[in-house]
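J.: Under our numbering, the letters of the sequence shown match residues 5 to 792, in that order.
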Amino acid sequence: ELVMVDNTTPTNTWIENTLQLVAPAGAQVARAVLVFNQPANNGGAGFADAVSFEVISGPPQSLVNLSQISLTADIRGAADAGDGEVLGDVQLRLEDPNQNRLITSGPATTVFQSFGGLLSTFTEADPTGIPTVGVFDLNASSYKVVIAFDNEGSTPWGTGGTLTVDNIVLTNSDSTGSAWYAGLYWDNLAPVLDIACDSSQYYVSADVMGDTAGGDYVVRVEGNRVTQAGLDEDFTDASGVGGGFFLNTNSVEFNYVPGWDTGLTGEAAFGGYTNGSFCEDFPPFFFCGTTGFIARANTSGGDPDGFGQIKVENLVIGAGGSWSGGLIWANQGLASTDLSQVTLEATVRGIAAPGENTGPIELRIEDSSLDRLYTTINPTGGWDTIGGTLDTFIEAGAAGGGGDGVFNLDSPTYTVVVAFPQAPESTWGTGGRIDVDNLYLTPVDVVTPIGEVAFSNTADGATFQTNGGYLSEGVSTFVNGDLDEDFEGALANTTGYTFASAVNPTSGDIDNYDDGIEGEQAFFGEYGGAFLNPTGTVSAGVCTNCGFGGTKAAVLDVFNVNITSGTWYAGLTWPNQNLRLEGNLDDIHLRARVRAIADDSGETTGIMTVRLEDPDIDFLAVDVPADGTWQEIDVALSDPSVVAGGVGNDDGAINQNAASYSFAVLVLGGGDGTLGTGVTVQVDDIYLTRVGSRFQDADTYTVTATFENELSTWGTGGALSVDNVIFSTTGNGDGDADTDLSDFAAFQRCFSNGAVTEGCECADLTGDGMVTIDDFETFERFLDGPAQ
5 ELVMVDNTTP TNTWIENTLQ LVAPAGAQVA RAVLVFNQPA NNGGAGFADA VSFEVISGPP
65 QSLVNLSQIS LTADIRGAAD AGDGEVLGDV QLRLEDPNQN RLITSGPATT VFQSFGGLLS
125 TFTEADPTGI PTVGVFDLNA SSYKVVIAFD NEGSTPWGTG GTLTVDNIVL TNSDSTGSAW
185 YAGLYWDNLA PVLDIACDSS QYYVSADVMG DTAGGDYVVR VEGNRVTQAG LDEDFTDASG
245 VGGGFFLNTN SVEFNYVPGW DTGLTGEAAF GGYTNGSFCE DFPPFFFCGT TGFIARANTS
305 GGDPDGFGQI KVENLVIGAG GSWSGGLIWA NQGLASTDLS QVTLEATVRG IAAPGENTGP
365 IELRIEDSSL DRLYTTINPT GGWDTIGGTL DTFIEAGAAG GGGDGVFNLD SPTYTVVVAF
425 PQAPESTWGT GGRIDVDNLY LTPVDVVTPI GEVAFSNTAD GATFQTNGGY LSEGVSTFVN
485 GDLDEDFEGA LANTTGYTFA SAVNPTSGDI DNYDDGIEGE QAFFGEYGGA FLNPTGTVSA
545 GVCTNCGFGG TKAAVLDVFN VNITSGTWYA GLTWPNQNLR LEGNLDDIHL RARVRAIADD
605 SGETTGIMTV RLEDPDIDFL AVDVPADGTW QEIDVALSDP SVVAGGVGND DGAINQNAAS
665 YSFAVLVLGG GDGTLGTGVT VQVDDIYLTR VGSRFQDADT YTVTATFENE LSTWGTGGAL
725 SVDNVIFSTT GNGDGDADTD LSDFAAFQRC FSNGAVTEGC ECADLTGDGM VTIDDFETFE
785 RFLDGPAQ
């Protein structure tokens with residue numbers, strides 16, 4: 005990190021800086037970031053230009069073989085001799101970021117001819133074109149291809165000429181890292197069975213013929229989570245904090261603020277002017293009042309609750325000058341290329357500046373090139389509705405000029421803007437105010453793969469092969485994200501592992517205290533003067549019969565901490581859990597059995613905490629008595645007994661879309677705690693429901709038949725023919741990879757014309773909420789083996 009500009013550097017002056025760092029071992033990606041930091045929401049602007057970002061060292065350049073890389077182009081020249089033009093030489097070159105180059109040249113002709121070839125045949129030169137060995141950077145992050153008139157060659161062009169260029173190709177013959185892929189797929193397949201039914205209830209197969217003997221291919225089922233991302237801002241979460249002036253100085257003519265309310269997300273604002281200035285006070289004779297650009301949210305007075313606002317007051321615009329301003333929401337998506345299916349609307353209110361009139365308000369959506377679809381409204385002074393389906397909007401270029409005037413329907417991202425129109429000085433005068441509420445853009449489905457089940461095979465080059473099976477038999481990348489640990493698989497080293505003592509560091513942790521279970525950790529620490537006495541120890545392990553009902557359980561034992569002053573803390577934790585918490589917390593239940601025993605001198609009863617943490621250590625926690633008895637926790641995460649909070653760099657609200665979570669059982673003793681000099685903690689039967697990236701958690705499925713190991717088994721191409729694709733529920737009730745009479749017995753028990761009863765969810769093979777003859781028809785197809 006490098007501070008390039010601070011309060012000691014001059015303003016309105018370009019300052020050149022270089023930041024050079026050594027990348028950490030194993031680094032593959034780096035990013036250059038420039039941050040403008042202005043404390044206390046003061047105005048100002050930071051400008052950046054001519055930013056270059058490059059690797060200055062890396063693999064030995066000798067590993068880059070220029071004889072494997074070629075650059076070619078078809079070039080045709082033309083010259084008008086009557087105007088003094090002469091058909092001259094052409095230069096084709098490749099430049100690194102410092103403009104060092106590899107060059108080839110030759111005479112142009114009036115017909116297309118191919119220039120270039122292997123880069124090893126090009127001439128290396130410095131930025132001025134002087135041949136220089138060793139200057140061209142073979143490890144640069146980007147390069148530029150240049151085709152130019154070569155007036156320093158043997159034949160200059162005279163007064164001018166014309167070059168026509170086609171088929172520019174930069175390629176290499178090194179196959180390392182190269183690949184190709186192709187396949188057929190059937191997507192948006194909805195799950196049929198209840199979420200309680202796992203992958204053993206489904207079957208997939210396809211008849212596949214490959215035209216190359218030995219070519220590998222795969223039939224797979226992919227599971228996808230589908231979420232919706234869109235703009236639906238009613239400002240009910242607005243805090244009224246974080247906004248204010250973002251442009252109110254005559255030394256800066258444009259500014260952008262990436263956020264103007266701490267309760268909102270994704271909002272930004274812009275404002276600027278040309279050939280103008282802000283009104284300045286001239287006391288005691290003249291005072292301007294409020295002067296500048298303001299973006300903020302109000303918590304009341306909207307339609308009906310909070311609302312966003314941009315306000316511009318007391319600009320003085322000279323001849324030919326103009327101003328602009330608006331509120332923006334970037335990184336939006338387009339739900340459909342059929343614009344009649346996409347709605348963009350808002351309620352807006354326009355308020356004139358003192359002594360001025362109101363003008364139009366523009367609502368628009370911009371593509372990545374700033375071309376836009378827009379509509380306008382003349383405000384009435386109250387709340388007005390603006391917008392509709394995008395097919396009713398006007399298509400135009402960028403609001404500030406530029407673009408090609410064509411709105412891109414496959415832009416990587418879009419931006420929604422509520423703004424003053426172009427040239428607002430002609431209608432709004434020296435300023436005005438736009439309030440906005442109920443901003444809505446049709447949401448976009450965001451599809452995220454969560455896993456797949458694959459069946460691989462090898463083509464014989466001549467016949468169709470049936471490939472597939474019950475999904476429980478395939479190679480799966482789905483993760484059973486349930487936090488489900490009853491410790492019965494533990495090896496149960498009854499003595500445990502001592503990981504802290506008076507002769508070792510008095511704080512620490514252990515990553516693995518039983519080889520029969522996975523992901524378990526324990527920790528201990530102290531602060532404020534607490535320490536382990538000479539005989540004090542902290543250990544963790546799994547017992548054979550101390551658990552609930554005499555079963556195995558995890559054990560943490562803290563013994564003989566000196567708490568004359570200070571506090572100690574300890575716990576058992578299971579970090580990096582791939583849990584699924586998005587949605588309604590009413591539907592997610594945490595279960596655990598915990599017990600804390602005061603079994604040594606100085607140990608007391610008190611409180612222990614069970615909690616679920618996100619990576620920022622925001623958590624949901626339950627406090628239970630540490631009184632020597634088993635405490636059974638079985639609560640929905642929305643239950644009032646589950647308290648939200650945080651430690652350190654947190655906001656006190658657990659992230660329901662975090663990449664991972666930690667489950668922890670915590671105890672605290674001494675000054676800030678409730679326990680005495682130690683405690684024995686036992687944990688059993690941990691379980692969190694409706695979680696994970698399991699097969700049954702998918703919202704949709706995709707069946708795919710595709711090549712595999714393409715280069716090594718197919719070479720440069722191949723063909724797959726696919727027939728009889730099956731993806732179906734089966735009625736396999738016992739999970740044994742077949743559907744037989746034992747499954748039929750279970751199916752018969754569930755057969756009825758009424759609603760599915762408890763325990764029969766997986767017999768509803770059609771997903772209609774009943775087990776009827778329709779379900780039996782599906783079951784019958786797989787009885788004694790799947791139908792072909």
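Beta carbons are placed, not taken as given, at the ideal position from N, Cα and C, and that holds for glycine.
1. Between G674 and the ligand GTP, is the CB less than 7 Å from at least one heavy atom?
2. From F528 to T555, what does the alpha carbon distance come to, in whole angstroms?
3. When the Cα of G276 is compared with those of E237, P425 and V223, which residue comes out closest?
4. Which term fits T295, buried or exposed, when burial requires 16 or more other beta carbons within 10 angstroms of its beta carbon?
5. Give, in chain order, every unbroken run of the beta strand (DSSP E) that is at least 3 residues long and sits entirely within the segment 323-390.
6. Looking only at its chain, what residues have a beta carbon closer than 7 Å to the beta carbon of N442, apart from the 5 residues adjacent to it on each side?
7. Enumerate in chain order the residues of its own chain whose CB-to-CB distance from P790 is below 6 Å, with the five nearest sequence positions on each side excluded.
8. Taking the beta strand (DSSP E) that E563 belongs to, which residues open and close that run?
9. Return the first residue and the last residue of the alpha helix (DSSP H) that C754 is part of.
10. Would G247 and A357 be called neighbours here (beta carbons separated by less than 8 Å)?
11. Do V614 and A630 have their beta-carbon atoms positioned less than 8 Å apart in this structure?
12. In three-state terms, what does DSSP make of I777?
13. For D395, count the other beta carbons within 10 Å of its own beta carbon; 16 or more makes it buried, fewer makes it exposed. Which is it?
14. Restricting to Cα atoms, I'd like to know which of G551, L495 and G677 is closest to S569.
15. Whose CA, out of I438, T548, D211 and F258, lies closest to the CA of G312?
16. For the candidate residues L576, M612 and T114, whose alpha-carbon lies nearest to that of D84?
17. Give the range of the beta strand (DSSP E) segment to which G455 is assigned.
18. Just confirm the distance between the C-beta atoms of Y573 and L670, as a whole number of angstroms; I'd bet it's less than 8 Å.
19. Between which residues of its own chain and D141 is the CB-CB distance below 6 Å, once the five residues before and five after are set aside?
20. Using a Cβ-Cβ cutoff of less than 6 Å, which residues in the same chain neighbour D778 once the five nearest sequence positions on both sides are dropped?
21. May I ask you to list the residues that DSSP assigns as paired with V181?
22. By Cβ distance below 6 Å, which residues in the same chain neighbour L38 in space, the five residues on each side in sequence not counted?
23. Within 10 angstroms of the Cβ of N580, are there 16 or more other Cβ atoms? Answer buried if so, exposed if not.
24. Note down, in chain order, each residue of its chain lying with its Cβ closer than 6 Å to the Cβ of Q792, except the 5 sequence neighbours on either side.
25. Within its chain, find whatever has a CB closer than 6 Å to the CB of D740; leave out the 5 residues flanking it on each side and keep chain order.
26. T15: buried (16+ other C-beta within 10 angstroms of its C-beta) or exposed?
27. According to DSSP, is S664 helix, strand or coil?
28. Any idea what DSSP makes of W578, helix, strand or coil?
29. In angstroms, rounded to a whole number, what distance separates the CA positions of I79 and L91?
30. DSSP three-state label for L91, please.
31. Rounded to a whole number of angstroms, what is the C-alpha to C-alpha distance between G773 and V760?
32. Might you give, ordered along the chain, the residues of its own chain that have their beta carbon closer than 7 Å to the beta carbon of D603, omitting 5 neighbours on each side?
33. If V320 and F282 are in contact, beta carbons under 8 Å, what's the gap, nearest whole angstrom?
34. Classify V495 as buried or exposed, calling it buried when 16 or more other Cβ atoms lie within 10 Å of its own Cβ.
35. Under the three-state reduction of DSSP, which class applies to P538: helix, strand or coil?
36. With distances taken from CA atoms, which of E714, E156, D768 and F783 is nearest S179?
T.: So, to answer that:
1. This structure lacks the ligand GTP; in fact it carries no ligand of any kind.
2. Near 25 Å, if we compare the C-alpha coordinates of T555 and F528.
3. Scanning E237, P425 and V223 for the CA closest to the CA of G276 turns up P425.
4. Buried: at least 16 other Cβ atoms inside 10 Å.
5. Listed in chain order, they are 347-356, 365-370 and 376-381.
6. If we look at N442 and ignore the five residues flanking it on each side, its Cβ neighbours are D238, D307, A350 and T351.
7. With a pLDDT of only 49 at P790, under 50, the local geometry of the prediction cannot be trusted, and the value read off the model is given with reservation. Y207, listed in sequence order.
8. It should be noted that the sequence gives Phe, not Glu, for residue 563. Looking at the DSSP string, the run of the beta strand (DSSP E) that includes F563 is A557 to N566.
9. L745 to C754 is the extent of the alpha helix (DSSP H) around C754.
10. Between G247 and A357, the gap from beta carbon to beta carbon reaches 8 Å or more.
11. Judged by beta-carbon spacing, V614 lies beyond the 8 Å limit of A630, meaning their Cβ atoms are not closer than that value.
12. Three-state result, I777: helix.
13. Classification of D395: exposed, given that the 10 Å Cβ count is below 16.
14. The residue from G551, L495 and G677 with its alpha-carbon nearest to that of S569 is G677.
15. Cα-wise, what sits closest to G312 is I438.
16. It is T114.
17. Judged by DSSP secondary structure, G455 falls within the beta strand (DSSP E) whose first and last residues are G436 to T462.
18. Rounded to whole angstroms, the Cβ separation of Y573 and L670 is 7 Å, and the two are in contact under 8 Å.
19. Excluding residues within five positions, the ones whose Cβ falls inside 6 Å are D100.
20. Cβ neighbours of D778 beyond the five flanking positions: T770.
21. The identity of residue 181 in the sequence shown is Gly, whereas the question assumes Val. Its beta-bridge partners do not exist; DSSP assigns none.
22. Residues A52 of the same chain have their beta carbon placed closer than 6 Å to that of L38, with the five preceding and five following residues left out of the count.
23. It is exposed - the Cβ of N580 has fewer than 16 other Cβ atoms within 10 Å.
24. Per-residue confidence for Q792 stands at a pLDDT of 40, beneath the threshold of 50, marking its modelled position as unreliable; the derived number appears in the next sentence. Excluding residues within five positions, none has a Cβ falling inside 6 Å.
25. Take D740, set aside five residues on each side of it, and no residue of its chain has a beta-carbon closer than 6 Å to its own.
26. When all chains shown are included, T15 counts as exposed.
27. Three-state DSSP puts S664 in coil, outside helix and strand.
28. Of the three classes helix, strand and coil, the one that applies to W578 here is strand, per DSSP.
29. Approximately 13 Å between the Cα atoms of the pair.
30. If DSSP states are grouped into helix, strand and coil, L91 belongs with coil.
31. If you draw a straight line from the Cα of G773 to the Cα of V760, it is about 6 Å long.
32. Cβ-Cβ distances below 7 Å link D603 to T684 in the same chain, with the five nearest sequence neighbours on each side left out; the list follows chain order.
33. The Cβ separation is near 7 Å, so the contact holds.
34. It should be noted that the sequence gives Leu, not Val, for residue 495. In this structure L495 is exposed. Its beta-carbon is surrounded by fewer than 16 other beta-carbon atoms within 10 angstroms.
35. Strand.
36. Each of E714, E156, D768 and F783 was checked against the Cα of S179, and the nearest Cα belongs to E714.
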